[in-house]
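Engineer:
In structure tokens form, the structure reads like this:
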């Protein structure tokens, strides 16, 4: 979704105006069929390649199915889906979004956590740095989520400390981060993450990893013909889903 408006905005066909994803398995199969060399320390298994949207949808759907049929019940108090970095960096020239992943929240209330100062005007926002955010209360969020955000953190191990602190026991955490991706300083660009890095960051903080892998995205032919700048033609994104034990 575009994220403009209360209902998530208009539906997008691809990840962005630059890339369409879900090419991981296609990449692996093509390489397996056409490779001329095979080097053990370069080879990744096929089950590490997938579609981040399929993985997120699967695990969120299964998680929401555990809620009672009459949720939230008589007290009408819903849990919270927390979208970390969910407004975009307006200070860096990005257009502010307010509900890009609201449709991921299912039966939960949708909130955003962002260091972007303009988020202060939103009624469902916590404004802080995810590396150090006392405003986010302990064990208060059913789902914690980020979408190409944590590479911008100055100290992502501290970001994951916060994520572990604020996610409810039994809650889900889902993240998409770059592995092979162009420099994009919005407002900084600091890290790239392999599947092993994400696994360690979660397991060391009391999460069970439910899924981890790579999604590969490429530029549609029309984009390659008409647009040219620093954007890579092909990018790799790493996704992870964990449950707090």
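Residue numbers (the working numbering): 770 to 1014. We put the beta carbon where it would ideally sit given N, CA and C, even for glycine.
Contact between the stretch 875-886 and the stretch 809-818 is defined here as three or more beta-carbon pairs at a separation below 8 Å; is this criterion met?
Structural biologist: no
Engineer: For residue 795, which of helix, strand or coil comes out of DSSP?
Structural biologist: As a working note, residue 795 is residue 26 in the chain shown. It is helical.
Engineer: Quick check: residue 955 and residue 858, are their CB atoms within less than 7 Å of each other?
Structural biologist: The count along the chain shown starts at 1 and reaches residue 955 at position 186. The count along the chain shown starts at 1 and reaches residue 858 at position 89. Yes; because the gap between Cβ atoms is below 7 Å, this pair is in contact.
Engineer: Report the three-state DSSP secondary structure of residue 935 (helix, strand or coil).
Structural biologist: Position 166 of the chain shown, counting from 1, holds the residue named residue 935. In this structure, residue 935 counts as helix in the three-state DSSP scheme.
Engineer: Kindly give me the distance between the Cβ atoms of residue 851 and residue 913, rounded to whole angstroms, as I take these residues to be in contact under 8 Å.
Structural biologist: One-based indexing of the chain shown puts residue 851 at position 82. One-based indexing of the chain shown puts residue 913 at position 144. So it is a contact: roughly 5 Å between Cβ atoms.
Engineer: According to DSSP, residue 973 sits in a beta bridge with which residue or residues?
Structural biologist: On the chain shown, residue 973 is found 204 positions in, with the first residue counted as 1. DSSP, once it has assigned bridges, lists no residue as partnering residue 973.
Engineer: Ends of the alpha helix (DSSP H) at residue 851?
Structural biologist: Counted from its first residue, the chain shown places residue 851 at position 82. Segment 849-853 is the beta strand (DSSP E) holding residue 851; no alpha helix (DSSP H) there.
Engineer: Do the CB positions of residue 988 and residue 977 come within less than 7 Å of each other?
Structural biologist: The residue you call residue 988 lines up with position 219 of the chain shown. The residue you call residue 977 lines up with position 208 of the chain shown. The answer is no: Cβ separation not under 7 Å.
Engineer: For residue 773, I'd like the list of residues in its chain whose CB is within less than 7 Å of its CB, leaving aside the five on either flank, ordered along the chain.
Structural biologist: Here residue 773 is taken as the residue at index 4 of the chain shown, counted from 1. Its pLDDT being 49, under 50, residue 773 is placed unreliably by the model, and the measurement read from it follows with that caveat. For residue 773, where only same-chain residues beyond five positions count, the Cβ hits under 7 Å are 866.
Engineer: Under a three-way DSSP split, which group does residue 947 fall into?
Structural biologist: Locating residue 947 in the chain shown gives position 178, counting from the first residue. Three-state DSSP puts residue 947 in a strand.
Engineer: Whose C-alpha, out of 1005, 920, 995 and 823, is nearest the C-alpha of residue 786?
Structural biologist: In the chain shown, residue 786 corresponds to position 17, counting from 1. If we check each option's Cα against that of residue 786, 995 comes out closest.
Engineer: Looking only at its chain, what residues have a beta carbon closer than 7 Å to the beta carbon of residue 990, apart from the 5 residues adjacent to it on each side?
Structural biologist: Indexing the chain shown from 1 puts residue 990 at position 221. Cβ neighbours of residue 990 beyond the five flanking positions: none.
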